[in-house]
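Worksheet for the structure shown next.
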Amino acid sequence: MKTVTAVVVGAGHAGLAMSHHLARHGIDHVILERGEVANAWRHQRWDSLRLLTPNWQTRLPGQAYAGPEPHGFMGMAELIAFLDDYARGLSAPLHTGTEVISVRQAENGYLVVTNQGDWRCRAVVMATGACRLPVVPALAADLPPWVNSLTPLDYRNPGQLAPGGVLVVGASATGVQLADEIQRSGWPVTLAVGEHLRLPRRYRGRDIQWWLEQAGMLDQRFDEVEDLARARRQPSPQLLGSTESLDLDLNALSERGVRMVGRLVGLAGTRLQFSGALAVHCQAADLKLARLLDNLDAWASVHDCHAALPAPERPAPTRVPQRPCLGLDLAAGEIKTVLWATGFRPDFSWLEVPVFDARGRLLHDGGVVAPGLYAMGLPFMRRRKSGAIHGADDDARELSAHLAAWLARTGRRHASFA
Amino acid sequence: MHTATQPIDNGVNVTALLGAREALAQAPAAARFTWRAHCDWVRGTHSRIAIEDFHGLGETQQHRSRFTFEADHPEVFAAEDHGPTPVEYVLVGLAACLTAGVAAVAQHRGIQLRSVKATVEGDMDIQGILGMDPEVRSGFDDIRVGFEIDADASRADIEALVAQSQKRSAVYDLLTNPTHVKVEVK
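As given, the protein sequences belong to chains R and A, one line each in that order.
Under the numbering used here, think of the first position of the first sequence as 1, with each following residue one higher.
Under the numbering used here, think of the first position of the second sequence as 1001, with each following residue one higher.
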């Protein structure tokens, strides 16, 4: 049995950022990684994916983008290189190929069981990712056998799809990007649209991320928002990482021939049922976007950037089909593949500590899960930006300070560690 | 704009509703409600429906009084028109539900309402209920709701109010999403 003060589980951006801050506090720790650095970015992302944050914003503690294209968007190869490079600069031992099988409470700390032996530690930081498992509705199990059912974790490119129509379920970042790519490849796409977040790539000549960051919206804290549960449920915005400043809203997709239907709500036999509430979901997204742009304009006026920027503009309202399709019979054979862009969730199945709510969701207060037990990288964990790569710095700084204070209060080491 | 001297009052007890949300978060089983209607055939297409009790918060609850409703069909259906048609009751439910939602959301958002009027229309092709054409559905194929709202708020805020009301409305949900319905003979 090996001993160490802290174990960081996961060597993605969040775990690496935490390691940086733990080292600053002089806390001895190891990083345990099931595969390699940036494992999910390497093995569970589609080929064309680019980050939704521009390169200038893609930064980790002590390391900013220094390449030639600050306004570009990293593809996976670049991001993996960026994280590999960052990991090499860290001082803590990084154990790749080490899968955590369980974490249990032990006397004065935790027992971490892995496929490469066990660790005793005072503290554990869980940085295993917010998107480990796809969330797929139960009705997926009842699809007829001739329809392929695919999650974004398995999707790579349109070439792997069976010839024919594709139903993309979900119109958040993943859904709109995959709908666009597949429609362009020649397979007709039907997009099931529920509640969504419409966001232009650029506004008044600047990337939308510049606005959100400058106006302080990304720094909004978890203990300041009115309805935190709702803020954490917020879907990812309809964005594409593209220097061509391509908007990927529903109007753009409609123009390219994507068919809009309401939220997928049922499967009766072979007949898919879509909600009749498409119009209100689109209207709500338009209203929310208008409110956001009003707030950004107000911020620009107050902060004297108004005159320096192009005039305010408003995107066209979302055009909704007059009579959206309410049902599709899969027996007709038009749809060959259903792609579930219905969200992701973390996987804490290895965590054998009673820190879950009735629905099995991790309970935490800004990433503080239990004494000595922390999470990283969850949506709106401590700030609106917590789920983003650049959000890891502030969260890791605060949680590492919390961890250090807790160690100081309770005694750094277990007696048997000495 | 409202001022501190004139508190917003749409007659909605938001504090109680938010309190209920908190309480039910601790005891989710109490949030299970069962609504109930008792129907008696009179003659022809005329029925009388009574509503009195329902289940919720873990026990049987009573309305303050027993409400009765007549349902029938108009004379163009060769009926005696003792009351609204069942499909009109559906429109009643949608109008009442969305309007209640508008009031509640307005109260929560600090918007004083002066008047809220809604007109609800549902279209159907009666070839469906007459069994003349299997391609034609029996129910509504389109429902339109028109709100006229006079309130201390911008048009965008009023539109947001109505959108939020739709998001939370039970009847709107019932009409736009499929529901399991089981009918049996006892």
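Glycine is no exception: its CB is placed at the ideal position from the N, C-alpha and C atoms.
- Query: So, are the CB atoms of D28(R) and V8(R) less than 7 Å apart?
  - Reply: no
* Asked: Under 7 Å, do G367(R) and A127(R) count as touching if we go by C-beta distance?
  -> no
*Does DSSP classify Q1061(A) as helix, strand or coil?*
strand
query = According to the neighbour-count rule (16 or more other Cβ atoms, all chains shown, within 10 Å of its Cβ), is T190(R) buried or exposed?
reply = buried
Where C1097(A) falls, given that 16 or more other Cβ within 10 Å makes a residue buried:
buried
Problem - Run of the beta strand (DSSP E) containing T1119(A), from where it starts to where it stops - result: 1113 to 1123
Assign Q238(R) to one of three DSSP states: helix, strand, or coil. coil
If contacts are defined as beta-carbon pairs under 8 Å, then I31(R) and V147(R) qualify, I think. What distance do you get, rounded to the angstrom? About 41 Å separates the two Cβ atoms, so there is no contact after all.
Worksheet item: Mapping DSSP to helix, strand and coil, what is Y1089(A)?
Response: helix
Identify the continuous beta strand (DSSP E) that holds A173(R) and give its terminal residues.
-> From DSSP, A173(R) is part of no beta strand (DSSP E) but of the alpha helix (DSSP H) over 173 to 185.
**Prompt:** Are any of the Cβ atoms in chain R nearer than 7 Å to that of N1013(A)?
**Reply:** no
Buried or exposed for P134(R), going by 16 or more other Cβ atoms inside 10 Å? buried
Between the Cα of D1141(A) and the Cα atoms of G1128(A), S1065(A), P1074(A), which residue gives the shortest distance? G1128(A)
Legend entry - G170(R) burial status per 10 Å Cβ neighbour count (16 or more: buried): buried
- Query: Under a CB-based cut-off of 7 Å, is S275(R) close to chain A?
  - Reply: yes
Quiz item: Does Q283(R) have its Cβ less than 7 Å from a Cβ in chain B?
Solution: Within the model displayed, chain B is absent; protein chains R and A are what it includes.
Neighbourhood of V1102(A) by C-beta, 8 Å cutoff - its chain only, sequence neighbours within 5 removed: L1113, V1116, F1147, I1149, L1161, V1162, S1165
Query - When Y155(R), K288(R), Q214(R) are compared against T318(R), the one with the closest alpha-carbon - result: K288(R)
Exposed unless 16 or more other CB atoms sit within 10 angstroms - verdict on V258(R): buried
Exercise. Could you tell me which of R1066(A), G1131(A), I1049(A), A1100(A) sits nearest to C1039(A), measuring between CA atoms?
Key: I1049(A)
Exercise. Could you tell me the distance, in whole angstroms, from the CA atom of G1139(A) to the CA atom of S172(R)?
Key: 32 Å
Q.
Is P1178(A) close to chain R? Criterion is C-beta to C-beta, closer than 7 Å.
A. yes
### Query
Quick one, which residues of the stretch 1055 to 1071 of chain A are near chain R if we go by CB-CB under 8 Å, in chain order?
none
| request: Note down, one range per segment and in chain order, each beta strand (DSSP E) of at least 3 residues found wholly within the stretch 303 to 329 of chain R. | output: 327 to 329
Close beta carbons around N55(R), own chain, < 8 Å, minus the five adjacent residues each side:
Y65, G67, E69, P70, H71, G72, F73, M74
Please report the straight-line C-alpha distance between L248(R) and S1169(A), rounded to a whole angstrom. 30 Å
| task | Rounded to whole angstroms, what's the CA-CA distance from H1180(A) to T270(R)? Just pull it up for me. | result | 16 Å
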